[in-house]
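To start, the structure under review is shown below, and the notes come after it.
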Amino acid sequence: MIFESPKDAMPWVGLYIAIASLICTLAMAADAIQGFWQWKLWFPNRFFTLYAYCSS
6 MIFESPKDAM PWVGLYIAIA SLICTLAMAA DAIQGFWQWK LWFPNRFFTL
56 YAYCSS
């Protein structure tokens, strides 16, 4: 893809951010559900760690 101006790339940047946010939200929800399911209320991080959140 060749973009002639930054305006041409903006929809792709927005799509990337939306997909990355959706993946992070699903991973956090999976961790919370697993924590409730195993009755571990301190929410063990299996899918989404705090480091992954900080680096994104």
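When the letters of the sequence shown are read in order and numbered with my numbering, they come out as residues 6 to 61.
All C-beta atoms, glycine included, are put in the ideal place defined by N, C-alpha and C.
For residue i and residue j, I'd like the C-alpha separation in whole angstroms.
| i | j | result |
| --- | --- | --- |
| Thr30 | Ile7 | 31 Å |
| Phe41 | Ala34 | 11 Å |
| Pro16 | Ala37 | 32 Å |
| Tyr21 | Glu9 | 19 Å |
| Gln39 | Ile24 | 22 Å |
For residue i, which residues from the same chain have a beta carbon less than 8 Å from its beta carbon, with the 5 sequence-adjacent residues on both sides left out?
| i | result |
| --- | --- |
| Lys12 | none |
| Val18 | none |
Using a Cβ-Cβ cutoff of less than 6 Å, which residues in the same chain neighbour residue i once the five nearest sequence positions on both sides are dropped?
| i | result |
| --- | --- |
| Ser26 | none |
| Ala14 | Phe8 |
In chain order, what residues of the same chain have a beta carbon less than 7 Å from the beta carbon of residue i, not counting five sequence neighbours either side?
| i | result |
| --- | --- |
| Ile28 | none |
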